[in-house]
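Participant:
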Amino acid sequence: MAVCSGAAGLAPAERAELLAVLSEDADETIRERAGNALLSQSVDAFAAALAGDAPAAQLVRYCGGNLLDKPAIAAALVKNPRCPVQFLTSATKALPTSIVQELIQDLDRLSTNRALVGALVSSPSLTAEQRQQLEELLADKAETEAAFVQAVSDIDTTSEQRATLLQRLAGMRVVERVQLALKGNREERMALIRDPCKVVQRAVLQSSRLTDREVETFASMASLTDDVLRIIANNRKFRRNYSVVMNLINNPKTPTDITLHMLPSITATDLKKLTANRNVSETLRAAAARLQVQRTQVRE
């Protein structure tokens, strides 16, 4: 009764959660009083309670049944790994674009939660690229060995290990390959960075086990797609590595708008070498030559 009246001296989030629990109490009087008190609680209090380590099931049910139209509540529910499936679709429709983007970046969770992927597909704030990634996860298709033959053959390991890896990849569904890209070893990442599915390629670049040397190698690979090279170039952490920057600039597959943007960051020695590099576009070589002249004039 003290909780219902506000006399218990609880923090707003604690009181909101306890009121939700009491709204399902066996005693009718307590249920009624708790239900009435819940109506006066702020959205922020409910959102804070949902963001706790283990919000009460009664709180989740109350918010899912009554407050899903509130973006803060929808976001807190969807971020909770224990959010019941029946609330996911309605919650994702109320999410702000920033939260949708945050969820789509979490490939570890998406690849193990098909219900969340299905709910996010209906979000009106998706970009075409994001929708494609989600659809790839939902398609859940396995590829044939032919899709990985070239990628595996280029890996520096024994022929027996390459054959074993090829057989494993050919039998995996998309979500399984995403998990392998996130948690596998170097050889597996080297193969999966050239996976037919873009979502798998992205998972490789999100792996916590990815090393600087691997990123340097990826940046130099002309066999990668423009999309992969663009993701590497747009990642601030990767760009702090000068070798990655130079490998991207010297890679003929890197989009010209990316290489032109990075051009001012390279040294005079590398700039001079670039003007003579016939493997890159004429546009980039000409820009490098202009920048070289400008730097010379400034020094003079």
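Count the sequence shown with the numbering used here and you get residues 7 to 306, in order. No residue lacks a Cβ here, since even glycine has one placed at the ideal position from N, Cα and C. These figures come from a predicted structure and were not determined experimentally.
Indicate whether the contact test is met: 3 or more Cβ pairs, each with one atom in the stretch 282–302 and one in the stretch 240–253, closer than 8 angstroms.
Facilitator: Touching, no.
Participant: In chain order, which beta strand (DSSP E) runs of at least 3 residues are fully inside the stretch 164–231?
Facilitator: Counting only runs of 3 or more, we get nothing.
Participant: Which residue comes first and which comes last in the alpha helix (DSSP H) that contains Ser6?
Facilitator: The chain is shown only over 7 to 306; residue 6 falls outside these bounds and no answer can be derived.
Participant: Are there 16 or more other CB atoms within 10 angstroms of the CB of Thr265, so buried, or fewer, so exposed?
Facilitator: One-based indexing of the sequence shown puts residue 265 at position 259. So Thr265 counts as buried.
Participant: Within the continuous alpha helix (DSSP H) that includes Ser104, where are the two ends?
Facilitator: Position 98 of the sequence shown, counted from the first residue, corresponds to residue 104. Element bounds for Ser104: 103–111.
Participant: Going by DSSP in three states, Arg88 sits in which element: helix, strand or coil?
Facilitator: Along the sequence shown, read from residue 1 onward, the residue named residue 88 stands at position 82. Residue state, collapsed to three classes: coil.
Participant: Would you grab the beta carbon distance between Val91 and Asp146 for me? Rounded to a whole angstrom, and I think it's under 8 angstroms.
Facilitator: Within the sequence shown, the letter at position 85 stands for residue 91. Within the sequence shown, the letter at position 140 stands for residue 146. Contact doesn't hold; Cβ gap of about 17 angstroms is too wide.
Participant: One question on the structure: do Leu74 and Val66 come within less than 9 angstroms of each other, judged by their Cβ atoms?
Facilitator: Against the sequence shown, residue 74 aligns to sequence position 68. Against the sequence shown, residue 66 aligns to sequence position 60. No, these two residues do not count as a Cβ contact at 9 angstroms.
Participant: Select from Asn257, Asp112, Val9, Leu83 the residue whose C-alpha is nearest the C-alpha of Ser29.
Facilitator: The residue you call residue 29 lines up with position 23 of the sequence shown. When only C-alpha atoms are compared, the closest one is Val9.
Participant: Going by beta-carbon coordinates alone, are Leu101 and Val123 separated by less than 9 angstroms?
Facilitator: Residue numbering aside, residue 101 sits at position 95 when the sequence shown is read from its first letter. Residue numbering aside, residue 123 sits at position 117 when the sequence shown is read from its first letter. No; because the gap between Cβ atoms is not below 9 angstroms, this pair is not in contact.
Participant: Measure how close the beta-carbons of Ala125 and Thr95 come, nearest whole angstrom, since I'm counting them as under 8 angstroms.
Facilitator: Within the sequence shown, the letter at position 119 stands for residue 125. Within the sequence shown, the letter at position 89 stands for residue 95. Contact holds; Cβ gap of about 4 angstroms.
Participant: Roughly how many angstroms separate the alpha carbons of Glu193 and Ala225, rounded to a whole number?
Facilitator: Position 187 of the sequence shown holds residue 193. Position 219 of the sequence shown holds residue 225. If I take the Cα positions, the gap works out to 16 angstroms.
Participant: To which residues of the same chain is Glu23 closer than 7 angstroms at the C-beta, ignoring the five residues directly before and after it?
Facilitator: Translated into positions along the sequence shown, residue 23 becomes position 17. Only Ala55, Pro61, Ala62, Leu65 meet the Cβ criterion.
Participant: Need the endpoints of the alpha helix (DSSP H) that Lys279 sits in, please.
Facilitator: As a working mapping, residue 279 is identified with position 273 in the sequence shown. Element bounds for Lys279: 274–281.
Participant: Here's the rule I'm using: 16 or more other beta-carbon atoms within 10 Å means buried, otherwise exposed. How should Asn191 be labelled?
Facilitator: Numbered from its first residue, the sequence shown carries residue 191 at position 185. When all chains shown are included, Asn191 counts as exposed.
Participant: With a threshold of 6 angstroms on Cβ separation, who are the neighbours of Val250 within its own chain once the five nearest residues in sequence on each side are excluded?
Facilitator: Sequence index remark: in the sequence shown, residue 250 carries index 244 (1-based). Answer for Val250: Val221, Glu222, Ala225, Phe244, listed in chain order.
Participant: Considering only the beta carbon of each residue, do Ile272 and Ile255 sit closer than 9 angstroms?
Facilitator: As a first step, residue 272 must be located in the sequence shown, where it is residue number 266. As a first step, residue 255 must be located in the sequence shown, where it is residue number 249. The answer is yes: Cβ separation under 9 angstroms.
Participant: In angstroms with no decimal places, state the Cα-to-Cα distance between Gln298 and Pro270.
Facilitator: As a position in the sequence shown, residue 298 is number 292, starting the count at 1. As a position in the sequence shown, residue 270 is number 264, starting the count at 1. Straight-line Cα distance between these residues: approximately 10 angstroms.
Participant: How long is the line joining the alpha carbons of Ala295 and Asn257, rounded to whole angstroms?
Facilitator: Along the sequence shown, one-based indexing puts residue 295 at 289. Along the sequence shown, one-based indexing puts residue 257 at 251. C-alpha separation (whole angstroms): 18 angstroms.
Participant: Consult DSSP for Asn256 and reduce its assignment to one of helix, strand or coil.
Facilitator: In the sequence shown, the residue the question calls residue 256 occupies position 250. DSSP places Asn256 in helix when its eight states are reduced to three.
Participant: For a quick check, are the C-beta atoms of Asp162 and Ser229 less than 9 angstroms apart?
Facilitator: Position 156 of the sequence shown holds residue 162. Position 223 of the sequence shown holds residue 229. For Asp162 and Ser229, no; Cβs fall outside 9 angstroms.
Participant: Once the 5 residues before and after Thr206 are set aside, which same chain residues still bring their CB inside 7 angstroms of it?
Facilitator: For the purposes of this step, residue 206 is taken as residue 200 along the sequence shown, with counting starting at 1. Checking the displayed sequence, the identity of residue 206 turns out to be Val instead of Thr. Within the same chain, Val206 has close Cβ partners Val180, Arg183, Val184, Ala187, Leu198.
Participant: Return the first residue and the last residue of the alpha helix (DSSP H) that Gly70 is part of.
Facilitator: Numbered from its first residue, the sequence shown carries residue 70 at position 64. Taken as a continuous stretch (DSSP letters only), the alpha helix (DSSP H) holding Gly70 covers 63–72.
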